[in-house]
Amino acid sequence: MDADVLRAAYEAFAAVVRPLGDEESWRLTGCTGWAVRDLVFHCAGDAQRALVALHTPAEGPPDRDAVTYWRDWAPDPVGAANGRRWNRVCAGMFLDFRELRDLYLETTAATVRAAADTPAELRVSTQGHVLTAADLASTLAVEATVHHLDLVADLPDAPGPAPEGLAVVRATLDGLLGRPLPLDWSDEHYARAATGRAPLTDTDRLALGADADRFPLFS
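All residue numbers for the sequence shown refer to this note's numbering, where the first residue is 15 and numbers rise by one.
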């Protein structure tokens with residue numbers, strides 16, 4: 015079930031966040047210009063959005079699924095710059111990282127419970143679109159897993175993402191690509207390269223052919 019995958023992805027992310035203190039919260043992440051605290055604030059907001067969505071039944075048929083949802087998220091330099099400013103200002107308002115950490119842990123725990131209690135086929139509304147609750151949970155697991163890779167960029171001893179989360183990221187990226195990836199990439203590298211976090215080599219471009227110009231598949 016997608017709620018189980020979401021639980022695995024959130025619990026893996028929480029395992030990294032839980033022992034961090036204020037000093038570690040200023041470490042760099044894989045998101046350009048974002049510190050750990052900025053990323054944790056962003057992810058807490060994503061879980062809060064999910065809580066709202068899971069309690070907002072929608073009328074009409076879904077217009078997005080677990081794959082097509084990501085087609086709206088093309089690279090956007092202006093949006094990214096604004097996001098950096100927003101997250102830095104908001105995350106900086108927490109005088110002690112433990113307050114932000116606890117907010118993240120409490121919110122994601124509530125989101126997991128809400129996802130588990132919501133019928134998979136229920137239509138919900140988020141980001142201006144309608145999805146089933148199951149597809150929403152899948153998108154949340156993808157977001158958490160990709161950001162988990164960002165989170166541990168400067169935390170070498172931290173545990174990695176959940177295998178279940180990485181599997182749904184690969185399935186989503188293959189869906190966007192329209193075929194299984196024709197390269198022997200690990201799940202982690204696929205997630206980074208397909209979201210613009212790692213550059214394509216000449217060998218990669220040769221194997222991908224015309225699809226190379228479609229990278230990043232989302233950002």
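For each residue, glycine too, the CB sits at the ideal point set by N, CA and C.
Three-state class that DSSP yields for Leu145 in the structure shown: Strand, per DSSP.
Which word fits Val19, buried or exposed, when buried means at least 16 other C-beta atoms lie within 10 angstroms of its C-beta? Result: buried.
Which word fits Val103, buried or exposed, when buried means at least 16 other C-beta atoms lie within 10 angstroms of its C-beta? If you draw a 10 Å sphere on the C-beta of Val103, you find fewer than 16 other C-beta atoms in it, and that means exposed.
On a Cα-Cα basis, can you pick out the residue from Ala58, Leu163, Asp16 that is closest to Ser200? The residue with the shortest Cα to Cα distance from Ser200 is Leu163.
Tyr24 versus Leu145: straight-line alpha-carbon distance, rounded: Rounded to the nearest angstrom, the gap between the Cα atoms of Tyr24 and Leu145 is 20 Å.
In three-state DSSP terms, what is Pro177? In this structure, Pro177 counts as helix in the three-state DSSP scheme.
Would you be able to state if there are at least three C-beta pairs under 8 Å between the segment 108-115 and the segment 166-182? Too few Cβ pairs lie closer than 8 Å, so no.
Where DSSP assigns a beta bridge to Ala49, which residues make up the other side? Per DSSP, Leu42.
What residue range does the alpha helix (DSSP H) around Arg21 cover? Where Arg21 is concerned, the enclosing alpha helix (DSSP H) stretches over 16-31.
Buried versus exposed, by CB contacts within 10 Å (16 or more), His69: Looking at its Cβ environment, which holds fewer than 16 other Cβ atoms inside 10 Å, His69 is exposed.
For the beta strand (DSSP E) that Thr140 lies in, which residues bound it at each end? Its beta strand (DSSP E) spans residues 137-140.
Leu244: which of Thr43, Ala123, Arg115 sits nearest, CA to CA? Residue coverage of the chain in this structure runs from 15 to 233, which leaves residue 244 outside it and unanswerable.
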